[in-house]
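Notes follow once the structure below has been shown.
2 protein chains.
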Amino acid sequence: MTTTDPWVDLLAGDRSLLDRTSTAERVADVLRQRIIEGALPPGTRLSEESAGRALAVSRNTLREAFRLLVHERLLVHEFHRGVFVRVLTADDVVDLYRIRRMLETSAVRRAGTADAERVAALDHAVSAGELAAEQERWRDVGTANMRFHQAVAGLACSPRVDETMRQLLAELRLAFHVMSRPREFHEPYLGLNRDLTELIVAGSTAEAERRLDEYFDAAETQLVDAYRQLPR
Amino acid sequence: MTTTDPWVDLLAGDRSLLDRTSTAERVADVLRQRIIEGALPPGTRLSEESAGRALAVSRNTLREAFRLLVHERLLVHEFHRGVFVRVLTADDVVDLYRIRRMLETSAVRRAGTADAERVAALDHAVSAGELAAEQERWRDVGTANMRFHQAVAGLACSPRVDETMRQLLAELRLAFHVMSRPREFHEPYLGLNRDLTELIVAGSTAEAERRLDEYFDAAETQLVDAYRQLPR
DNA sequence: CGGTACAGAGTTGTTGAACAATCCTGCAAG
DNA sequence: CTTGCAGGATTGTTCAACAACTCTGTACCG
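Protein chains in written order, with this note's numbering: chain A, 1 to 232; chain B, 1 to 232.
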């Protein structure tokens with residue numbers, strides 16, 4: 001038997017580039033992206049007929065894609081009625097912040113074991129946010145903020161945490177899309193993100209965790225308040 | 001407009017009893033249960049033909065169910081090759097313990113806000129485990145242990161944490177099914193579970209969190225060691 | 001003997017059509 | 001204003017078909 005050569009792992013890592021994905025997954029990717037960027041606002045109905053014709057896929061394939069996104073909680077499926085882009089309730093928003101707080105503060109606590117690359121990801125996200133704010137691209141500030149928190153969760157060095165976090169942040173975008181002002185929900189926290197990054201780089205994880213906890217208090221209150229003043 | 005009557009919420013809660021579930025979901029439920037209980041061991045190939053004939057559903061419906069379970073990481077999908085019951089790697093087991101540790105310790109820390117019912121769930125699970133151990137039903141001891149940790153996560157009072165935890169524990173079962181001795185992985189922790197419950201009931205969450213963290217150290221080491229000695 | 005090439009069989013990927021079950025709309029009747 | 005009901009539209013599910021791909025065994029070649 002041949003011992004594993006060094007380049008084997010390398011190529012194994014390139015397997016994902018091989019384009020071995022089903023149509024349903026790619027359809028789900030497209031829809032997910034459209035939902036995340038707000039092109040398909042919460043409440044939108046996606047009829048199999050129209051969506052299938054628009055994307056040029058069969059109803060069966062489309063339904064497989066729908067199943068995936070329903071499982072990700074980006075769509076809701078009402079039996080015999082169709083699928084809709086999810087409309088978050090205020091309770092949903094509270095819950096999203098609750099689990100985020102658990103995952104992110106735990107990740108910060110274990111930040112000591114994270115490699116340099118993951119710590120650098122924090123800085124990249126913060127810098128991108130600062131640049132976007134300078135240029136008053138508030139939408140991009142929001143995106144950078146999400147990337148920052150994805151990087152915070154990434155400190156846990158856990159593929160499952162990363163995946164869960166991706167889903168949660170995608171879900172949280174649904175909340176922002178029903179509100180009009182993209183600026184005031186993200187800009188105030190740019191400075192904090194910078195501070196957090198420096199604390200983590202310096203190894204002051206306990207202090208970073210405390211500040212992060214405070215951030216969640218403030219952000220959750222702000223978003224939930226704004227959310228409750230909205231429709232229904 | 002009519003104001004909402006008191007019984008409306010009641011009936012709304014019964015909506016789930018109305019059996020409005022698709023065939024695909026029920027198929028997924030069946031397969032998930034079979035995987036969890038070990039009837040479909042890791043590595044098993046599920047061909048669309050055989051599974052569809054066995055469950056008397058069409059290939060399309062079956063594929064929708066497969067998609068769900070792949071998304072839950074209980075099945076893996078290899079393009080043009082089929083779906084297989086997932087075979088966890090040692091890294092997977094480490095990762096599962098990592099995210100469990102994050103969620104469960106965080107949940108314990110916030111146990112103060114949990115209602116009495118959720119605290120009682122801890123006791124029920126522990127008692128069920130103790131009874132099963134007395135009668136040497138080791139398989140049930142394992143199930144009770146899982147229920148206990150589900151209840152621990154439940155202290156966070158978060159539907160999303162509950163759902164995530166359900167998935168993680170289902171996934172972890174895959175690890176136990178490739179090992180033969182159901183006893184020694186769960187029995188040693190019965191006493192600890194009892195202690196943890198009493199600490200939480202008494203409000204000593206800090207001490208409970210510390211003990212839980214130690215449990216994860218021990219359990220992870222034990223399982224990963226046993227796992228690494230196994231095939232491949 | 002070890003490795004390559006290739007045909008054949010079996011499985012998956014995707015589509016389109018078909019039909020039953022269900023929901024929605026509008027209108028008529030009470 | 002509510003109830004009942006026809007009809008049209010949409011979803012739920014199955015089936016059949018075909019393309020694309022994988023797997024297996026065999027023949028071939030060095």
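For every residue, glycine included, the Cβ atom is placed at its ideal position computed from N, Cα and C. Given the structure is predicted, the values throughout are model-derived calculations rather than measurements.
For residue i, three-class secondary structure by DSSP
i	result
Met-1 of chain B	At Met-1 of chain B the pLDDT is 45, less than 50, meaning the model places this residue with poor confidence and gives no usable figure here.
Leu-80 of chain B	Inspection of the sequence shows that residue 80 of chain B is occupied by His rather than by Leu. Looking at His-80 of chain B - three-state DSSP - the assignment turns out to be coil, as it is neither helix nor strand.
Val-45 of chain A	The question names Val, but residue 45 of chain A is Arg in the sequence shown. Three-state result, Arg-45 of chain A: strand.
Val-178 of chain B	coil
Ala-39 of chain B	coil
Glu-184 of chain B	coil
Gln-135 of chain A	coil
Thr-197 of chain B	helix
Asp-19 of chain B	coil
Arg-101 of chain B	helix
Asp-266 of chain B	Because chain B spans 1 through 232 in this model, residue 266 of chain B falls outside it and cannot be assessed.
Ala-202 of chain A	coil
Asp-115 of chain A	coil
Arg-26 of chain B	helix
Ala-170 of chain B	helix
Gln-229 of chain B	coil
Ala-156 of chain A	coil
Glu-110 of chain B	In the sequence on display, residue 110 of chain B carries Arg and not Glu. If DSSP states are grouped into helix, strand and coil, Arg-110 of chain B belongs with coil.
Ala-56 of chain B	coil
For residue i: DSSP bridge partner residues
i	result
Leu-75 of chain B	B:Val-85
Same chain only: Cβ atoms within 7 Å of residue i, ignoring 5 sequence neighbours per side
i	result
Ala-218 of chain B	none
Phe-148 of chain A	Leu-122, Ala-125, Val-126, Gly-129, Asn-193
Thr-105 of chain A	Glu-209, Leu-212, Asp-213
Val-201 of chain B	Val-119
Ala-144 of chain A	Ala-125, Ala-128, Gly-129, Ala-132
Asp-162 of chain A	Ala-153, Gly-154
Thr-23 of chain B	Val-57, Thr-61
Thr-197 of chain A	Leu-122, Asp-123, Val-126
Arg-110 of chain B	Leu-155, Ala-156
Leu-223 of chain B	Val-93, Ala-175, Phe-185
Val-108 of chain B	Val-152, Leu-155, Ile-200, Thr-205, Ala-208, Glu-209, Leu-212
Contact set for residue i: own chain, Cβ-Cβ below 8 Å, skip 5 residues either direction
i	result
Leu-199 of chain A	Thr-205, Glu-207, Ala-208, Arg-211
Thr-44 of chain B	Phe-84, Val-85
Glu-72 of chain A	Arg-32, Gln-167, Ala-170, Glu-171
Gly-142 of chain A	Phe-176, Pro-182, Phe-185, His-186
Leu-230 of chain B	Val-178, Met-179
Contacts around residue i, its chain only, beta-carbon distance under 6 Å, and the 5 residues preceding and following it disregarded
i	result
Met-146 of chain B	Leu-169
Asp-140 of chain B	Ala-132
Met-1 of chain B	Any answer about Met-1 of chain B is weak, because its pLDDT of 45 lies below 50 and its placement is not dependable; what the coordinates show is given next. Counting only Cβ-Cβ distances below 6 Å, and skipping sequence neighbours, we find nothing.
Arg-173 of chain A	Ile-36
His-77 of chain A	Val-70, Val-83
Trp-138 of chain A	Pro-182, Arg-183
Leu-46 of chain A	Val-83
Arg-101 of chain B	Phe-216
(message) With three or more C-beta pairs closer than 8 Å as the rule, is the segment 52-62 of chain A touching the segment 34-42 of chain A?
(response) no
(request) State whether the segment 81-99 of chain A contacts the segment 160-173 of chain A, with contact taken as three or more CB pairs (one from each stretch) at a distance under 8 Å. (result) yes
(request) Report yes or no: do three or more beta-carbon pairs, one from the segment 133-143 of chain A and one from the segment 108-118 of chain A, lie closer than 8 Å? (result) no
(request) Decide yes or no for the touch test of the segment 61-81 of chain B against the segment 24-39 of chain B: beta carbon pairs closer than 8 Å, at least 3 of them. (result) yes
(request) Mind the definition here: the segment 84-93 of chain B touches the segment 173-190 of chain B only if three or more C-beta pairs lie below 8 Å; say whether that holds. (result) yes
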